[in-house]
Structures are given as structure tokens and as C-alpha cells.
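Taking the working numbering, the leading residue of the sequence shown gets 10, the next gets one more, and so forth. These notes concern the structure reproduced below.
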Amino acid sequence: MLLTISNLSQHYGSARALDGVGFSVDKDSCTAVLGRNGAGKTTLLQTLMGLMPATGGRIELDGADITTAPPHRRARGGLGYVPQGREIFSDLSVGQNIEIVLRNHRVSEPDALRDEIVTLFPVLGEMWHRRGGDLSGGQQQQLAIGRALASRPKMLILDEPTEGIQPSIVQAIEDAIRDLKGRMAILLVEQYYDFARSVADAYVVLDRGRVVKSGKGADMERDGVADLLTV
Ligand code: ATP
């Protein structure tokens, strides 16, 4: 297993947002985390990235305990995070957004990696000199994913990458996830059931901060996962 989360808890003041969450993510596979609004999905990713210290439990990445590691160490350890809302540098060009990460992470063969990213999302090559802020929402999402890939992560963590994005770009992101998942693990938080089902090898459903169901991606229909997501 690349990532093992055990008995993880998180609180906002006295309110419990994660309550004993546990699951593992296999190398080179895509795991979808699903759940209704407020189930704890974003909190889980932020806790995983160390943006909020866990209030209990353990997170292991590639055999190392990272439960209390600061975010930059988790990024160096192989977690590439694309937060909800994307958070690209809007005043920098598309190219600069990517170059900064290539340089900071001192990846080997940066030219080859830059080419891989542009092959995955050709629009980034076409818009290379444009300001990040001038891109459409969907293009910014592609840039945010491309930027995360520039750290050559072992695991790409995506928080609702299809939210508010036009269908043609949703398709491009789906194709990219399919292409990437043989080469790295993907942890995908997704509201959109059909999208998750089409790419996930495994799924986890959260409800009120707990894992209420998990299984193989191929069994999502049989397991009635869609019913757990309707309000
Ligand atoms: P969504 O799909 O709406 O983003 P989610 O599954 O990602 O939902 P979280 O955003 O992780 O859920 O929220 C989990 C719980 O924690 C919710 O009850 C939410 O109201 C609460 N919560 C989230 N952020 C905070 C905060 N900053 N302060 C207090 N409570 C919070």
C-alpha cells in the first residue's frame, strides 16, 4: 500500500469532522472518496496534507509515518495536492506556474516532465505565456493538475476537479486520470457519481466523518453507492 490512513480524527473546536477514518490506497490505482455535502471529504484531504494537524490517528505514506509532518514534507514525500478552488498563481503565466514547482522540487529531467504535462493537457502549451488568471475555470483546473504533476508525485490528490467545469474539459480531465493512474496513485474527492464510477478502482463513502462503505470501483453500482449520496 502506498498510503494507509488509520483511525484518523479531526475536530473544528468541539465539532468532530472526521471520526476514526481508515482506508488504504494502492500504488498506481484511483480511489474515489464520495459523500454528501459536509461529510468530511475536504477535511480529510486537508488533514492528509497537514494543513490541519490530525487530532488522532495515523497517516503512513510509503512506509513512513507522516501524521505530524508539515505540509512541505508531505509534498516532498510524494503527495501532489490540487485543492478545491484550484489556487493557481493568477498573476503568473501558465509556464511560470509550472516552472516554479519543477524548480522547487528539483525534479530530475524537468524538460521531459514539462513535455509530459503539456502532452497530457495540450491547452497548457497553447496558453504557456498567458496569465493564469486569464484562463477559463476548466483550463485553470488543468493548470492546477499540471502544476501538481510538476512535483512528480507518487500520489495525486484531487478535490472535486469537475466542479463547475464545462463538459468538454471534464472529459479531458477524465482522460488524464485514466492516463495517469497506471503511473501514480490518485485520490479523488468527487460529488459527481458517474465521473467517480468511470475512473475509480476503489471507493470510500464518508458520512458525518465516518467511513460508511468502501469497496471496488467496479462494485459501486451493486453496492448502491449512488443511494448513499442522495440527500
Ligand atoms: P463539501 O462537499 O460541501 O465540500 P465535505 O464533505 O468536503 O463537503 P467538509 O468541508 O470537510 O465536508 O466539512 C465537514 C464538516 O466540518 C461539516 O460539518 C462542516 O460544516 C464542518 N466544517 C468544515 N470546515 C469548517 C470550519 N472551518 N470550521 C468549522 N466547521 C467546519
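Where a beta carbon is used, it is the ideal one built from N, C-alpha and C, also for glycine.
The way I'd put it, the region 91-100 does touch the region 125-144; three or more beta-carbon pairs between them come closer than 8 Å.
By the neighbour-count criterion, in which a residue is buried when 16 or more other Cβ atoms sit within 10 angstroms of its Cβ, methionine 229 is buried. Around the C-beta of glycine 44, 16 or more other C-beta atoms lie within 10 Å, and the residue is accordingly described as buried. The continuous alpha helix (DSSP H) containing threonine 51 extends over residues 50-57.
Judged by DSSP secondary structure, serine 33 falls within the beta strand (DSSP E) whose first and last residues are 24-34. Fewer than three pairs of CB atoms, one per stretch, sit closer than 8 Å, so the region 119-139 makes no contact with the region 76-93. Look at the beta carbons and you see the region 36-43 touching the region 207-224: at least three pairs across the two are nearer than 8 Å. Each of Leu12, Gln180, Thr239, Thr64 was checked against the Cα of phenylalanine 32, and the nearest Cα belongs to Leu12.
In this structure, arginine 67 lies away from leucine 122, with their beta-carbon atoms at least 9 Å apart.
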